[in-house]
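K.L.:
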Amino acid sequence: MARGSIIHIAMHLGFCLFGMSMVYLSQNFEQTGSITPVFIGFCIIALTLVSLLSVVLNSAKTFQMKSTGGSIWRSLAFIILVTLWITLLPYLGFIFSGCLFFTLISFAVPTDKNKVTKQFMAVSVGGYITTFAFWVVLTKLLHIPLPEATVSLLNNANF
Amino acid sequence: MDFITYIEAAFTPFNLAVSLGGLIIGIILGALPGLSSTFSCAVMLPVSFAMSPVSGLIFLGAVYMGSTYGGSFAAILIKTPGTPQSITTTFDGFPMTKKGLGGLALAIACVSSVVGGIVGIFVFLFFAPPLAKFALLFGPAEYFWLALFGLTIIASLSEGNLIKGLISGFFGLALSQIGVSVVSGDMRFTFESTALIGGIPIIPATIGLLCMPVAIDMIATSEKHLDTPKISSKNQLAEAVKAVFSRKKNLFRSSLIGALIGIIPAAGGAIASLVAYAEAKRGARPEDTFGKGDPGGIVASESANNATVGSGLVPTFVLGIPGTPPDAVILGAMMVHGVQIGPKLFSDHSGVIYTFLAGITIATLLMLPVGLLVGKYIYRAVVNVPKSYLIPMIALMLLIGAFAIQNSHDDILIMLTLGVVAWTIGWFGFPAPPIVLGLLLGPIAEQGFAQSLMIGQAKGSVFNVFFSSPVSLILITLIVVAIALPPILKQYSVRFFSESKKVGEQV
Amino acid sequence: MVRFKNKVILTIPVFLTALLISNIAVAYPEKSVQLTVGFGPGGPSGIAARFMQKRFSAVTGQDLVIINKPGAGGAKAWAQIKKDKPDGYQLTLLNFPHTVLQPIARGANAGYTYEDIQPVLYYTSVPQVIAVRKESPFKTFEDLLMAIKKNPGKITIAGTGIGGSNHSAFYKLNTVGKLKGAYVPFKDTSSTIGALKSGATDAAWTFTTQGVKDGDSIRMLAIASEKRMPLFPDLPTLTELGFPVVDVASWAIGVPPGTSAKIREQVSKMFQKVVSDPSVASDMENGGYLPISIPYPESDVEKARLGSSYGAVGVALSKKN
C-alpha cells in the first residue's frame, strides 16, 4: 500500500478517535450540556467509518493526495518559522519580531526564475517599513494594542 | 415623509467628510484579515464620541458599510475573508483571481455591494415597522432550524466527496462545543486551559482555517502567485456592471435574502451571505461554474452581506434588539450619546434616524468610486509585488488579525494550530470551509435546540415547540429541499437543464 | 537553570520600569490606559465602560483604550488579569456577582480565583428586574406569581447565562417565595430580550437598562433593589411585595493582583474623577444605571461583603445546575 493511503487511513482513524473521546468526555456534563457533543461525536464516528469503508473498497485505485507540485520542505519551513515567530512574539514584541521574521520568511520563499536574489534587500527593507507602518497606524492612530516585548529594550516604542 | 430635508442635513460638508472618512477607514479595516465589522465599529467608537450624535452615527454606519465591503478584498485576492461576512466571497472570488480576473472580481464585488447596500437601506426606509414584527417571529426553535438550513450548504461546498465534507463540518461543530456551555454552564473540553475558556474564537479560527493553507502552499512553489491580468483593466466598471446585471435574478434574490436575514436578530451578514450563496447555487444555470470562479458567487455573497447593514437596523431601531453583531455597537453608541431607542425613537428622534439613513446612503453610493479606485490599486499591488514580500506580509497580517481583535496571544496560537490542521487534512481531501461553517453555526444550533427543549419540557410538548410555528415549517421545507434536490437534479440533470434554458433568464 | 536565568533577566527590566514608574509617575496617567471588558461592546458591561471613555480624555488628558474580550461569561478576560502588568495601565472591568459565582461553579476550570479579583473602584450598578412582554397577560407581579404557583415548573423565565446575575436572582426569588419556575438561559442580554419579546418565554430576568431601552415593548413587574429607582418611581421592589430579594449587578475597575497600594489609590482616584463628571453621571442615570462610588481601600471591604453574601448562592447554583 502506498504511503499516502496509510496516512489517509490513519487520518480517518484519528477523526474516529476524536469523535470517541468527545463522546467519552461528555459523560461528566449536565444532560442539556451533553446532548449536542454526544450527538456530534457519534456523527463523526459514523461518518469516518463510512468514509473508511469507501476507502477500503476502492483500494484498487491507490489514493491520490492533493498535490501542489511544490516542495513540502518549504511549506514545513514556513510553518516552523511562523510557529517560532508566534512563540517569540510576547518576548520580542511586535516590531522587532516582525522585522526579524519578515526577512527570515522571505528567505524561505523560492526565487522566481526571472527575479534576482538582490531583491531580498529591497524586500527586507519593505518589510521593516510595512511592520512599522502597521504599528504606527494601529497603535498610534487607531489605539489597537499590538504585542509588547517583555524584554523592555525591545519595546515597540524604542524603535 | 420629508426625507429631502434629512438628506440636506446629511449633506453638510462635515457629514459628507465623515461619511467618506468612515467609509475609507471601514474598507481598510475590513480588508485586513481578522478585523471584523463589529471590531472596526468598536474601535471607532471613541472617534464617534467626539462628534454630534448624528455625525457620530453616520460615521459608524459608514465604517460598518465600508468594512462589510472591504472584507471582500482579502477574500478575493488572498482567499482570506477579511470579515466573516465575506467567507462565501472566497469560494468564487479567489478562483477568479487565480484565473487572472481579480480586477473584475473586485469590481463585481463593489457593484454588488452597492446594490445590496441600497436595497437594505430601502427595506428599512419603507418597511421598518411591519418588518420588525418579522424579527419577533424568531424564537429558539426557529434559530435552530435556521442554523440547520445554513449547514445544508456543506453539501454544496464539498463537491467530489460529500462524506469528507460532512466530516469537516462535524469537526467544526465539535470545535464549536469548546468552552462554557451557554445552556448548561458546563466548562466543556477546555482541559483547564485559560486559552480555551472562551471557546474557539470565530475570527482567528476563520483566518487560520482558510488563509494559512493558502500561504503554506504558496511558498512551496516558485511559480508566480497570481496570473497576470488577462484583460486590460480599462473598462472594468462597464464589464462588472454587465456581469452583475446579467444576473439580475441572483442579485435581487440575494439582496432580499440579505435584507430578510439582517432583520433576524443576531443572525448577521455571515449567515446571510451563506444562505444567499446556497440559493444562488441552487438556482444556477447549466453554464454557471459556482465554486470555480463564477461571478455569480461574488454577486450573491456581496449583495447579501451589504443588504444586512441597512435591514439590520430595523430590529435595532424599532425593537432595540441588534439585528447584526455590529448593530450592537451602534446601539451602544446611541445609548452613550443619549439617543433613546425603541418605538419612541421615530417620534422623538426621527431627525436623527433619517439623517443617519441619508448619511449611510451617501456612504454606500460613495463606495462605488472609492471601492473601484482602491480595488484597482490593491489588485495591481498584489499582482506585482514579489512573492518573497507577499508571503511574509500575509503572515504578518494573520498575526495582527488574530491578535488585535481580542488583544490575545492565545488567539494567535489557535489560528496557527487550526491553520496547520486545515492544511494537513486538505492533502487528503477534507475541505476547510465546512469547518468554518460548523464553528459559526454550531452555537446557534445548539442553543436553539437546548432552549427549545427546555421550553418544550416546561410546557409539556417538545414537539409543538419545534414543529408548530409557520417559520419553522418553512425552514424545515427548505432544509428538505436543500438535501433532496441535488441528488434529484443529478438524476434528471439533462432534462432539467434543457428545460431551464428555455424558461430561465437570458444569459 | 536556564529558566531561572531567564526569569532573572526578565525581572530586572520589569523591576526597573516598576521603580521608574513608581518614582516618576507624579502625573498619572502619562500614557493611554487599557481597560479590558469581558463582554461585547453593545451589552450592559460594554456600555458601562464606554460611558467613561466619552469623558476620559477630557478629564485625564490621556485616552482610555477599551478592549472587548467576550467569552465564557466574562471569564476569558478575568483569567488574563494575573498576567497583566501591575503598573496601573492594564486594567480590567470586573462584574459582580459574576466573579464570585463563576470560580465556585467552575472550580479549576474557571481560569481565575476570587483572589485574582482586585477591585479599586466600584462605580456603577444596575438592579435586576423581572419583566414580561407588552402583550403578556401578566399585568402585575401578582399575576405572574399566581401563574407560577398554579403551574409549577411550567412558566418559562429567560435570563442571561448559567451562574450569572440573572440566574442568581431567579434562584433567590425561587427560594424566598418557594416557587418553581423554569429557567431558560440565553447567551447575552439582547438574546434574552429577543426571546422575551418574541414570546418564546413567559418572563425574563434582566436589568433596568433594558427597561429604559425597551420601555414600550416590555413591562417590568418588579425590581430587585433595596429601594425604588428614581427613573422608575412606579416600579415596586420585590421587598415591598413581600419577597426580600435584592440582587444588583455592579461593576468595578480592577487591577492585577500584586499592584501596590499607591497605584491602586491613583487608579481609584482617577476613575472617580471621570465618573463624577456630571455628564458621565447623568448619562449613566438616564441609561438605567445606578452610579455608586466605593473607592480603594473601602473597595476591599465591599469585595469581601459580596464574596460572602453570594457565596451560598454560588454553591447552590453549581449544585442545582
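Protein chains in written order, with our numbering: chain Y, 1 to 159; chain C, 1001 to 1507; chain G, 2001 to 2321.
Backbone N, C-alpha and C fix where the C-beta goes; we use that ideal spot for every residue, glycine too.
Here the structure is a predicted model, which means the values were calculated and not measured.
So which residues on chain Y does residue 2266/G lean against when the C-beta distance must stay under 8 Å?
P.N.:
The residue given as residue 2266/G occupies position 266 in the third sequence. Going along chain Y, no residue has its Cβ under 8 Å from residue 2266/G, so there is no contact; the nearest lies around 21 Å.
K.L.:
Find out if the Cβ-Cβ distance for the pair residue 131/Y, residue 95/Y is shorter than 8 Å.
P.N.:
Residue 131/Y sits at position 131 when you count from the first residue of the first sequence. Residue 95/Y sits at position 95 when you count from the first residue of the first sequence. Yes, Cβ-Cβ distance for residue 131/Y and residue 95/Y is below 8 Å.
K.L.:
Pull up the distance between the alpha-carbon of residue 1452/C and that of residue 1466/C, whole angstroms please.
P.N.:
As a position in the second sequence, residue 1452/C is number 452, starting the count at 1. As a position in the second sequence, residue 1466/C is number 466, starting the count at 1. Cα-Cα distance, rounded: 7 Å.
K.L.:
According to DSSP, is residue 2204/G helix, strand or coil?
P.N.:
As a first step, residue 2204/G must be located in the third sequence, where it is residue number 204. Residue 2204/G falls in the strand class under three-state DSSP.
K.L.:
Can you find a C-beta in chain Y that's less than 8 Å from the C-beta of residue 1189/C?
P.N.:
For the purposes of this step, residue 1189/C is identified with residue 189 of the second sequence, where counting begins at 1. So, interface residue.
K.L.:
Do you know offhand how far residue 1208/C's Cα is from residue 1282/C's?
P.N.:
In the second sequence, the residue the question calls residue 1208/C occupies position 208. In the second sequence, the residue the question calls residue 1282/C occupies position 282. When rounded, the distance between both Cα atoms is 29 Å.
K.L.:
So, for residue 1008/C: in the same chain, excluding its five sequence neighbours on each side, which residues have a beta-carbon less than 8 Å away from its beta-carbon?
P.N.:
For the purposes of this step, residue 1008/C is taken as the residue at position 8 of the second sequence. No residues qualify anywhere along the chain.
K.L.:
So, is residue 2262/G buried or exposed, given that buried needs 16 or more other C-beta atoms within 10 angstroms?
P.N.:
Numbered from 1 along the third sequence, position 262 holds the residue referred to as residue 2262/G. Under this definition residue 2262/G is an exposed residue.
K.L.:
Would you identify the three-state DSSP class for residue 2249/G, choosing helix, strand or coil?
P.N.:
Here the question's residue 2249/G lines up with position 249 in the third sequence. Strand at residue 2249/G.
K.L.:
Within the continuous alpha helix (DSSP H) that includes residue 1974/G, where are the two ends?
P.N.:
Chain G is shown only over 2001 to 2321; residue 1974/G falls outside these bounds and no answer can be derived.
K.L.:
So, are the CB atoms of residue 1276/C and residue 1240/C less than 8 Å apart?
P.N.:
In the second sequence, counting from the first residue as 1, residue 1276/C sits at position 276. In the second sequence, counting from the first residue as 1, residue 1240/C sits at position 240. Cβ atoms of residue 1276/C and residue 1240/C: not closer than 8 Å.
K.L.:
Taking C-beta pairs closer than 7 Å, name the residues in chain C that residue 11/Y reaches, listed in chain order.
P.N.:
Position 11 of the first sequence, counted from the first residue, corresponds to residue 11/Y. Neighbours of residue 11/Y on chain C, chain order: 1425, 1428.
K.L.:
Beta carbons nearer than 7 Å to chain C: which residues of the stretch 122 to 137 of chain Y have them?
P.N.:
Within the stretch 122 to 137 of chain Y, the residues whose Cβ lies closer than 7 Å to some Cβ of chain C are 123, 126, 127, 130, 131, 134, listed in chain order.
K.L.:
Please classify residue 1494/C: is it buried, with 16 or more other beta-carbons within 10 angstroms of its beta-carbon, or exposed?
P.N.:
Position 494 of the second sequence holds residue 1494/C. Low local confidence applies: a pLDDT of 48 at residue 1494/C is under 50, so the model's placement there is unreliable, and no value is given.
K.L.:
Checking contacts by CB at 8 Å: is residue 1960/G closer than that to chain Y?
P.N.:
As shown, chain G starts at 2001 and ends at 2321. That puts residue 1960/G outside it, with no answer to give.
K.L.:
Take every Cβ of the stretch 2110 to 2121 of chain G, pair it with every Cβ of the stretch 2134 to 2148 of chain G, and state whether three or more of those distances are shorter than 8 Å.
P.N.:
As far as the Cβ criterion goes, the stretch 2110 to 2121 of chain G does not touch the stretch 2134 to 2148 of chain G, which means the pair count is below three.
K.L.:
In the DSSP output, what is residue 2220/G paired with across the bridge?
P.N.:
What you label residue 2220/G is simply residue 220 of the third sequence in a count that begins at 1. 2131/G.
K.L.:
Residues of chain G with a CB under 8 Å from the CB of residue 145/Y: which are they?
P.N.:
Position 145 of the first sequence, counting from 1, holds the residue named residue 145/Y. In chain order: 2034, 2065, 2067.
K.L.:
May I ask which residues mark the beginning and end of the alpha helix (DSSP H) holding residue 2068/G?
P.N.:
Your numbering for residue 2068/G matches position 68 in the third sequence. Residue 2068/G -> not in any alpha helix (DSSP H); beta strand (DSSP E) instead, spanning 2064 to 2068.
K.L.:
Under 7 Å Cβ-Cβ, which residues of chain A neighbour residue 50/Y?
P.N.:
Among the protein chains of the structure shown, namely Y, C and G, there is no chain A.
K.L.:
Are the stretch 2051 to 2062 of chain G and the stretch 132 to 139 of chain Y touching by the rule of at least three beta carbon pairs closer than 8 Å?
P.N.:
At 8 Å Cβ cutoff, the stretches do not touch.
K.L.:
With a Cβ-Cβ cutoff of 8 Å, do residue 2223/G and residue 2209/G count as a contact?
P.N.:
Numbered from 1 along the third sequence, position 223 holds the residue referred to as residue 2223/G. Numbered from 1 along the third sequence, position 209 holds the residue referred to as residue 2209/G. Contact flag unset, no.
K.L.:
For residue 1318/C, which residues from the same chain have a beta carbon less than 7 Å from its beta carbon, with the 5 sequence-adjacent residues on both sides left out?
P.N.:
Here residue 1318/C corresponds to residue number 318 of the second sequence, with the count starting at 1. Same-chain partners within the cutoff: 1128, 1129, 1132, 1343.
K.L.:
Quick one: list the residues of chain C neighbouring residue 2273/G, beta-carbon separation under 9 Å, in chain order.
P.N.:
The residue you call residue 2273/G lines up with position 273 of the third sequence. Per Cβ cutoff of 9 Å: no residues; residue 2273/G is ~18 Å from chain C at best.
K.L.:
On a Cα-Cα basis, can you pick out the residue from 1135/C, 1095/C, 1085/C, 1073/C that is closest to residue 1106/C?
P.N.:
On the second sequence, residue 1106/C is found 106 positions in, with the first residue counted as 1. Minimum Cα distance to residue 1106/C is reached at 1073/C.
K.L.:
Let me make sure I understand the geometry here. Which of 1004/C, 1469/C, 1393/C, 1482/C has the alpha-carbon closest to that of residue 1212/C?
P.N.:
Counting from 1 along the second sequence, the entry for residue 1212/C is found at position 212. Minimum Cα distance to residue 1212/C is reached at 1393/C.
K.L.:
Give me the DSSP bridge partner(s) of residue 2125/G.
P.N.:
Within the third sequence, residue 2125/G is the residue found at index 125, counting from 1. In DSSP, residue 2125/G forms a bridge with 2250/G, 2290/G.
K.L.:
Do you know offhand how far residue 1114/C's Cα is from residue 1369/C's?
P.N.:
For the purposes of this step, residue 1114/C is identified with residue 114 of the second sequence, where counting begins at 1. For the purposes of this step, residue 1369/C is identified with residue 369 of the second sequence, where counting begins at 1. Using only the alpha carbons, I get a separation of about 10 Å.
K.L.:
Take the Cβ of residue 1014/C as the centre, count every other Cβ of all protein chains shown within 10 Å, and call the residue buried at 16 or more, exposed below.
P.N.:
Counting from one through the second sequence, the residue named residue 1014/C turns up at place 14. Answer is exposed; the Cβ neighbour count stays below 16.
K.L.:
Spatial neighbours of residue 145/Y within its chain, please: C-beta separation below 7 Å, excluding the five flanking residues on both sides.
P.N.:
Here residue 145/Y refers to the residue found at position 145 of the first sequence. Contacts found: 139.
K.L.:
In whole angstroms, what is the alpha-carbon distance linking residue 2029/G and residue 2060/G?
P.N.:
Taking the third sequence and counting its residues from 1, the one referred to as residue 2029/G is at position 29. Taking the third sequence and counting its residues from 1, the one referred to as residue 2060/G is at position 60. Those two C-alpha atoms are separated by around 7 Å.
K.L.:
Given a limit of 7 Å on CB to CB distance, which residues of the stretch 2156 to 2175 of chain G reach chain C?
P.N.:
Those would be 2156, 2161, 2162, 2163, in chain order.
K.L.:
Ignore the nearest five residues each way along the sequence and tell me which others in residue 1109/C's own chain have a CB closer than 6 Å to its CB.
P.N.:
Indexing the second sequence from 1 puts residue 1109/C at position 109. So the qualifying residues of the chain are 1072, 1298, 1302.
K.L.:
From the DSSP output, in three-state form, read off residue 1562/C for me.
P.N.:
Outside the shown range of chain C, which is 1001 to 1507, sits residue 1562/C, and nothing can be said about it.
K.L.:
Within 8 Å (strictly less), CB to CB, does residue 1045/C reach chain G?
P.N.:
Numbered from 1 along the second sequence, position 45 holds the residue referred to as residue 1045/C. Residue 1045/C counts as touching chain G.
K.L.:
Using a Cβ cut-off of 8 Å, pull out every chain C residue sitting near residue 2227/G, in sequence order please.
P.N.:
As a working mapping, residue 2227/G is identified with position 227 in the third sequence. Correct list: empty, because the minimum Cβ distance to chain C is about 24 Å.
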